[in-house]
Amino acid sequence: MDNADYLDVALRLANAELTDLPTLVETLREEPWWADRATDADLAALRPVAEALRSTLAAATDGDGETVLSGVNTLLEKHPPRPRVSGHTANPWHIHVADADAPPATEVAAAAAWGLAQGLVEYRLTQWGRCADCGNFFLDRSTNGTKRYCTTKCANRAHVAAFRSRHRG
Ligand SMILES: [Zn+2]
Ligand SMILES: [Zn+2]
18 MDNADYLDVA LRLANAELTD LPTLVETLRE EPWWADRATD ADLAALRPVA
68 EALRSTLAAA TDGDGETVLS GVNTLLEKHP PRPRVSGHTA NPWHIHVADA
118 DAPPATEVAA AAAWGLAQGL VEYRLTQWGR CADCGNFFLD RSTNGTKRYC
168 TTKCANRAHV AAFRSRHRG
């Protein structure tokens, strides 16, 4: 995984509902090494991590630097990345951020903390957004920083709703 992927793990976990095990498996589907081994214990362990990611990202969208710093550093302290070079598959050697026999939640939490840390250093507080429709957090890569929706799907839904309310009665 590269740094962009770690940031993606942080955002996916922050935006996940985590109501039951299938929702966790769905959240982790791009990493079968995690998704295929996830259990209810991982779900329970990752819920507070997702909550901490959300509160830190909410502070980032508010431009509250102090809360962001304490949030991300607490995550790193509780879920420190432990880099390992792994040859557990037929794939080339690659980096994991936890021991191979650690439960998926251990590595997912460390990957998310690391991804958030990298993302905050790269994008500071200026480019984080929260969808005006679904509430998901996203990185606003638009040049003028005015993105309001996480996806065109949400933008379209919001526009349809606005259109309907204007033309009601
Ligand atoms: Zn691997
Ligand atoms: Zn959205």
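Taking this note's numbering, I'd label the letters of the sequence shown as residues 18 to 186.
Each residue gets a CB set at the ideal place from its N, CA and C atoms; glycine is no exception.
Neighbour flag for Trp145 against chain C, beta carbons, 8 Å: The structure shown has no chain C; it contains just one protein chain.
For Ala69, is the classification buried or exposed, using 16 other Cβ atoms within 10 angstroms of its Cβ as the cut-off for buried? The residue you call residue 69 lines up with position 52 of the sequence shown. Buried, by the Cβ-count rule.
What residue ranges within the region 101–176 form continuous beta strand (DSSP E) runs of no fewer than 3 residues, ordered along the chain? 101–103, 111–113, 145–147, 154–156
I'd like the list of long-range same chain contacts for Ala149, defined as Cβ closer than 7 Å, with 5 residues on each side in sequence excluded. Start at 1 with the first residue of the sequence shown, and residue 149 comes out as number 132. Closer than 7 Å at Cβ, skipping near neighbours: Arg165, Tyr166, Ala175.
I'd like the span of the alpha helix (DSSP H) that includes Asn90, first residue to last. Reading the sequence shown from its first residue, position 73 is the one you call residue 90. Run containing Asn90: 82–95, per the alpha helix (DSSP H) assignment.
If you draw a straight line from the alpha carbon of Thr73 to that of Glu94, how long is it in whole angstroms? Here residue 73 corresponds to residue number 56 of the sequence shown, with the count starting at 1. Here residue 94 corresponds to residue number 77 of the sequence shown, with the count starting at 1. Distance between the alpha carbons of Thr73 and Glu94 is about 14 Å.
Does the beta-carbon distance from Gly82 to Leu142 come in below 8 Å? The residue labelled residue 82 in the question sits at position 65 within the sequence shown. The residue labelled residue 142 in the question sits at position 125 within the sequence shown. Taking 8 Å as the Cβ cut-off, Gly82 and Leu142 qualify as a contacting pair.
Comparing C-alpha positions only, which one of Leu156, Asp59, Gly152 sits nearest to Gln144? To locate residue 144, count along the sequence shown from 1; it is residue 127. Per the Cα distances, Leu156.
Out of Pro49, Arg147, Tyr23, point me to the one whose CA is closest to Tyr158's CA. Here residue 158 refers to the residue found at position 141 when the sequence shown is read from its first residue. The amino acid at residue 158 is misidentified as Tyr; the sequence shows Arg. Looking at the Cα atoms, Arg147 is the closest of the given residues.
Buried versus exposed call for Trp110 [16 or more other C-beta atoms within 10 Å across all chains shown]: Reading the sequence shown from its first residue, position 93 is the one you call residue 110. Exposed.
Around ligand 2, which residues pass a check of Cβ closer than 5 Å to any of its heavy atoms? Cys148, Asp150, Cys151, Asn153, Cys167, Cys171
Assuming Val102 and Trp51 make a contact with CB atoms under 8 Å, what is their CB distance in whole Å? For the purposes of this step, residue 102 is taken as the residue at position 85 of the sequence shown. For the purposes of this step, residue 51 is taken as the residue at position 34 of the sequence shown. About 18 Å; that fails the 8 Å criterion.
Assigned secondary structure, Ala77 (DSSP; H/G/I helix, E/B strand, else coil): Residue mapping note: residue 77 aligns to position 60 of the sequence shown, counting from 1. Note: Ala77 maps to helix in three-state DSSP.
Might you give, ordered along the chain, the residues of its own chain that have their beta carbon closer than 7 Å to the beta carbon of Asp57, omitting 5 neighbours on each side? Taking the sequence shown and counting its residues from 1, the one referred to as residue 57 is at position 40. Same-chain partners within the cutoff: Leu38.
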